Every structure is written in C-alpha cells, then in structure tokens.
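Remarks on the structure that follows.
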Amino acid sequence: MKKRIIGIIFILFSTFLFGKKSNIVVENRYDNLIHNDIKVDIKYKEDDLPELLDYVFIKTLHAAIRKEPNPKAELIYNAPFNTKYRLLEKVKVGETHWYKVKTSKGIGYVFEKSADVKTFRFEKMVERIKDVEKFIDENNQNNIKLASTNSYLPNPYNKDMRRTKDKYGISIDQNIVGVYEKENIELHIPDRSVLSVLEIKGNKAKVKVEGIPESPLVIDKRYLSYNPKIEEGFEKAIVVDIENQNLAAFEKINGEWTLISYIYAKTGIESQLGFETPRGSFIVPLLKYEMGYRDIYGDDMGIARYAIRFSGGGYLHGTPVDHVEVDNEDFFLKQKEDGLGTFKGTRKCIRNTVSHAKFLFDWILGDERNQNSNYQRPQENVMFIIF
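Residues in the sequence shown are numbered consecutively from 424, following the working numbering.
Below, the structure written as structure tokens:
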C-alpha cells in the first residue's frame, strides 16, 4: 500500500558533523499503519503476516546504528546484513540522508547508503485495481470486446531465450510484438495481458492494452484469447509492488475492495535463466499444486508449491526447495524466506512464503478443484496487477 507519509516536516535540531554545526531536517515520518481509507478484513492469520509495514533492511555486510545522524556519533551496534528495522523518519543532515529506526537495542540512525527503504503502498494498490476495473467497465459500456493474450510456449530446458527488449525494458521471450504505427515502434506485450480489441482485419488485430499508454497496437490476432471472460469483471485481485518487494490480496466484499492479506515478496531479475517480472494486468489461467524447476544444465533441481500462473512461465509460488535441501527443508526455507521483502532475485516468478502461497491458492480455488490433477483452473476471474 502506498503508506501515507505524514507530510514533509521541517524540524531543526543542533548536531555536529565533522566538527561543524549542522541542522537535522526531518523530511519524512512513517507510522507503520494501515490507514482508515483502506477497508480491512484480514483473513490470513499465520505468523509470517508482516509486522513491519514501513522499514529499512540492511543491504551491506554490516551497518552502524548510531545515536545521532553523524558518522562520529556513539555507536549503538553494528547491524548485520539483511536485517529489517522499523522506519521512523528520514532525515537530512547537510548533503546526506539518514534513517531513524527502531531496534531491539533502542532508537538510532543508519546511513542511507547502508540501507534500503521498503513500504506497503496499499492506497496505490487499490488505485491500480480501480484502473483495471474502469478499463473493463468502459469497454463493456462501449460494446468493445475484451480479451487477453495467450503467447506462452513452455521452454523447460531454457533453450534460445530471446533477450531483445522494447523501450520499457520488456523482453520478447514468452511475449508478443505489438506495433505502434504512429511512431513505427515495436512494443512487447506480456502473455496474459488484459486488452480490448478495437478492430480485426485479416490476420491482424488493433488492440488497447491496459497499462500501456501507446494505442492502438497491431498484433497477430492468433494470440487473442477470450477465455477467461474478461468482460465478466473480477472480485479477487493480487497486487504486486516490484519497487517495494511486497504484495497484497484484495477481495470485493459488499461492493468495496477489501484488504484480506499482505506479505513480503521477491520478484524477478535478469539473469542467465531469468527475466524481470513484467508490469501490467494479467488474468490467471491456471494453478499447480507443485511446479518443478531446472538448473542451468537442464537437470531437475527442485519443487515450488502452490503455484499460481500470471504471465508466461511466471508464477506466484511458495519458497522453492532444491532436492538436495529436502532433508533440512525447514532450515533452508527460513534462510530463503528471511530474504523476502528485500532484493529482487527470482527468474520471473513472485516468491511468497509457503504458507501464504497456500492461502492464496486455496482462496482462489475454494472447494472447486480437481483432486486427480496437479493442474487446476479457477472458477472465477482472478486478476494479477503488477506495478
């Protein structure tokens, strides 16, 4: 959620920086709260529901926590890599910034280059849900057909992955080309993107893709899919904030979008086997109880449970476990899950804790599932919205 920051408040104190008197300017304050404009009915009750909504995590091997925002101030202690602390304020001293944080050893300051800020932007999440709703409603009112793209061809051995990127940094692999004729440029439309079909002529279609400002885009019409039926709308949404490495689930209850769960996450990064997680709005086509994955040599490497597909080979799933880790699974799960809500680091997928992935899996399917298959199909529209 977009955490509401309590203004930009200028409070002047006296301190000494390198022997010179400097002012501390409090630029932002954070309250670690879900605000009243967000309707809340939390249905996820497990221990991994985050307590920290506004926090920093330590991104260096060690980071000094000091009593004042001053490199010569008394040291409280050295915080280890990957530790999360509640964020209280962002302050400016001269030309540098410090974060005021709450730790188990008291309140102190950490230098900005040693930590990254993360926050739940729930307001922005709801805003994006309403954007997608508006897109669907307006096209329905104007009798314009709605669809999604269907362009994914599984590539389990990761052969000949196509890395060409468009102006937005989206790779062509698993996606399709949309030509914006006005500027004679090609854009890459991610698999399962929500769009409206403006015109079909021969084997081409002119479309407007939700979330892409350029319109119309000309695509090959064979990539259009009319199932699931986008025009029926949706009452369940999973919204992912790539910048802050978190997500939340919302359900429309009594006509209001209601927050039912939230969790730290990890999204994709460009790598030998991976891609950035795509931004946009995507309709969920299927789910799997278990999803296997391979190493760089194509060998079977491990399993991720409770996988929900949103685009191409991108799934939301529980923390993966390599086959060699099974005998000490709890240890490896903890090590990996402690890193959620920090850096990017998957191949494209959105990683959750196993328990939260199961919660979302069960929430989507309810009692409507095929007990004889690993593959499941949702009985109602579920939207992934990624920004």
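For glycine and all other residues, C-beta sits at the position ideal for the given N, C-alpha and C.
Quick caveat, the model's predicted, so the values are computed rather than measured.
Asked	Found
By Cβ distance, which residues of its chain are closer than 6 Å to residue 587, with the 5 residues on each side in sequence left out?	595
According to DSSP, is residue 541 part of a helix, a strand, or is it coil?	strand
Taking the beta carbon of residue 740 as the centre, do at least 16 other beta carbons fall within 10 Å, making it buried, or is it exposed?	buried
Roughly how many angstroms separate the alpha carbons of residue 426 and residue 799, rounded to a whole number?	Low per-residue confidence applies at residue 426: pLDDT is 48, beneath 50, and the placement is therefore not dependable, though the value from the model is reported in the following sentence. Cα-Cα distance, rounded: 35 Å.
Can you grab the Cα-Cα spacing for the pair residue 436 / residue 447, in whole Å?	Confidence at residue 436 is low in this model, with a pLDDT of 43, below 50, so its placement is unreliable and no value can be given for it.
Kindly provide the ranges of any beta strand (DSSP E) runs that are 3 or more residues long and lie completely inside the stretch 474-561, ordered along the chain.	477-481, 485-489, 498-503, 507-516, 519-526, 529-534, 538-542
Residue 784 CB to nearest chain B CB: under 8 Å?	Considering every chain present, this structure includes no chain B. It has just one protein chain.
Near residue 756, what residues of its chain come up, given a Cβ to Cβ distance below 6 Å and the 5 sequence neighbours on each side ignored?	742
Once DSSP output is grouped into helix, strand and coil, what is the label at residue 753?	helix
Within the same chain, show all residues whose beta-carbon is closer than 6 Å to that of residue 442, passing over the 5 residues directly before and after it, in chain order.	The predicted model places residue 442 with a pLDDT of 45, which falls under 50 and marks its position as unreliable, so this point remains unresolved.
Secondary structure at residue 787, three-state DSSP: helix, strand or coil?	helix
Tell me whether residue 619 is buried or exposed, calling it buried when 16 or more other Cβ atoms sit within 10 Å of its Cβ.	buried
Rounded to whole angstroms, what is the Cα-Cα separation between residue 463 and residue 684?	9 Å
Straight-line CA distance for residue 701 to residue 794?	31 Å
Give the range of the beta strand (DSSP E) segment to which residue 682 is assigned.	679-687
Can you grab the Cα-Cα spacing for the pair residue 788 / residue 759, in whole Å?	27 Å
Could you give the distance in angstroms between the alpha-carbon of residue 503 and the alpha-carbon of residue 776?	22 Å
Measuring CA to CA, which of 451, 497, 696, 522 is closest to residue 580?	696
Is the CB-CB distance between residue 634 and residue 559 below 8 Å?	no
Since residue 724 sits in a beta bridge, which residues does DSSP pair it with?	Per DSSP, none; premise fails for residue 724.
Can you name, in chain order, every residue of its own chain whose Cβ lies under 6 Å from the Cβ of residue 567, other than the five neighbours on each side?	619
Mind checking which residues open and close the beta strand (DSSP E) that includes residue 610?	608-612
Tell me, which residues are paired with residue 660 by DSSP?	673, 806
Just the Cα atoms here: how many angstroms apart are residue 553 and residue 456?	22 Å
I need the boundaries of the beta strand (DSSP E) containing residue 623, first residue and last residue.	617-624
Do you know whose CA, among 519, 550, 720, lies nearest residue 493's CA?	519
Could you tell me if residue 801 is buried or exposed, where buried requires 16 or more neighbouring beta carbons within 10 angstroms of its beta carbon?	buried
Locate the beta strand (DSSP E) running through residue 691, then write down its first and last residues.	Unbroken run through residue 691: none, as it is neither H nor E.
Looking at C-beta atoms only, is the number of pairs between the stretch 624-640 and the stretch 657-665 that lie closer than 8 Å three or more?	no
By the 10 Å Cβ neighbour count, where 16 or more other Cβ atoms means buried, how is residue 668 classified, buried or exposed?	buried
Rounded to a whole number of angstroms, what is the C-alpha to C-alpha distance between residue 458 and residue 544?	10 Å
On the three-pair Cβ rule with 8 Å, is the stretch 702-718 touching the stretch 746-754?	no
Looking at the structure shown, is residue 758 part of a helix, part of a strand, or coil, going by DSSP?	helix
Rounded to whole angstroms, what's the CA-CA distance from residue 611 to residue 649? Just pull it up for me.	20 Å
Would you give the residue range spanned by the beta strand (DSSP E) that residue 571 belongs to?	568-572
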